[in-house]
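Scroll down for the structure; my scribbles are underneath it.
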Amino acid sequence: MPTLIEVKAYNTLFQFSYIPVAVFVGGTSGIGQRTVEALARTANGKIHIIILSRSESVGKEILASLVRPLDVSINVIREFVYCDAALMKNVSVACSKIRQILRENLPHHDPPRINILFMSAGYADVRLWTRKDTEEGIDHQLSLRYYHRFKFTYELLPLLRAAKDAGEDAKVLSVLAAGVRWWLPQDDFGYKTLKDGPVWRSTIISAPYNDLAFEGFAQREPGIAFTHMNPGFVRTPTFNNTNSFAHWFLKPFDLLVKLVALFISISEEDSAQFFLYALLAGKAGFHRRNNQGDGIGNCDHGVDKEKFWKHSLEETQSG
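Residues in the sequence shown are numbered from 1 upward in steps of one, following UniProt numbering.
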């Protein structure tokens, strides 16, 4: 298990032999923001970066603040693409925009390619007891914690494959909850039938869903690295703004929880170093990693994987 000092040293000394292209879905706060900032520093600014989010003003501010090449003759992409990833049709539009940006700005990359796809956008509220579906009929939490990640990966696979074929890195990383296990209904993926139930179950099953999806991608796309990584306890804006206890009488316990969290959590900046290490050091294949980038082994999850893959294709309107 590498220490934080060792991870920082590795990231600092790492050098790309080419100018990579990185796409961040959800890079405007928390782990996503800190990882994109750390990656730009590691590359000494010589990296093309596209951020997708709903927060356009914040996204553009982050892009403007990123390290740029010392050699002013080196032009790098710093683009923001608006995307409400809760809807699969929006993901398709965003992917089309990414391809357009790359074709216009990097015409010598034919076909266009992506080296890094980093996905950290998500949403979770375990206090909800009423399921909320998107206009496309998908559970809102599952859409933001799983389905949009499958959709982005599937649609951008040709660009990742092009990077691999060019002899460059091709890596995908999903930030969620690797290591979490839960019973999955064999005949009701996405809880399309049993809609009446606690919403927290959607929050939990999104973790094994990510495992199953990226294992499936790795089997179909040898030569590309697919990683599902658990951030652990990180002091992100999402956590800092969360009220664990909804009832006013229990509000004082929120302070207690946050005080305890100070001793068992890490900062966004330190977490980003571990995520960057997992990206840079990761090899082709499927990997489940803990919050320090260590492999935790695979898990079968006891489902028909081909059936789940077909469900994911249909639900995300892919294929």
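The beta-carbon is built from N, C-alpha and C at its ideal position, and this holds for glycine as well.
Check your understanding: In terms of DSSP beta bridges, what is Ile49 paired with?
Key -> Ala22 and Arg78
Exercise for review: Kindly give me the distance between the Cβ atoms of Val303 and Ser265, rounded to whole angstroms, as I take these residues to be in contact under 8 Å.
Suggested key: Contact doesn't hold; Cβ gap of about 32 Å is too wide.
Check your understanding: If you compare alpha carbons, which of Gln15, Ile296 and Leu173 is closest to Gly45?
Key -> Gln15
Exercise for review: Over the uninterrupted alpha helix (DSSP H) stretch that includes Gly122, give me the two end residues.
Suggested key: Neither: Gly122 is in no alpha helix (DSSP H) and is coded neither H nor E.
Practice item. Report the option in Lys310, His301, Asp169 and Asn290 whose CA atom is closest to the CA atom of Leu280. Key: Asp169
Check your understanding: Do you know offhand how far Gly297's Cα is from Ile31's?
Key -> 23 Å
Check your understanding: How would you call Asp300, buried or exposed, if buried means at least 16 neighbouring beta carbons within 10 angstroms?
Key -> exposed
**Study point:** Cβ pair count under 8 Å reaching 3, the region 58 to 68 against the region 106 to 120
**Key:** no
**Study point:** Endpoints, alpha helix (DSSP H) assigned at Phe214
**Key:** Trp200 to Arg220
Practice item. Please list, in chain order, all residues of the same chain as Val36 whose beta carbon is under 8 Å from its beta carbon, the five residues on each side excluded. Key: Ala22, Phe24, Gly27, Ile49, Ile51, Ile62, Leu66 and Phe118
Exercise for review: Measure the CB-CB distance between Thr193 and Gln141 and report whether it falls below 8 Å.
Suggested key: no
Check your understanding: Under a Cβ-count criterion, where at least 16 other Cβ atoms within 10 Å of its own Cβ denotes burial, should Met1 be classed as buried or exposed?
Key -> exposed
Point to revise | 8 Å contact criterion, which Leu159 and Pro112 should meet: CB distance rounded | key: 6 Å
Check your understanding: Given Gly295, which residues of its chain have a CB within under 8 Å of its CB, disregarding the five upstream and five downstream residues?
Key -> His287, Arg288 and Arg289
Exercise for review: Locate the alpha helix (DSSP H) running through Met88, then write down its first and last residues.
Suggested key: Met88 to Asn105
Point to revise | When Thr153, Ala278 and Asp211 are compared against Gly319, the one with the closest alpha-carbon | key: Thr153
Point to revise | Nonlocal neighbours in the same chain, by C-beta distance under 7 Å from Ile74, ignoring five residues either side | key: Lys46
Practice item. Use the C-beta contact count for Ile5: other C-beta atoms within 10 angstroms, 16 or more gives buried, fewer gives exposed. Key: exposed
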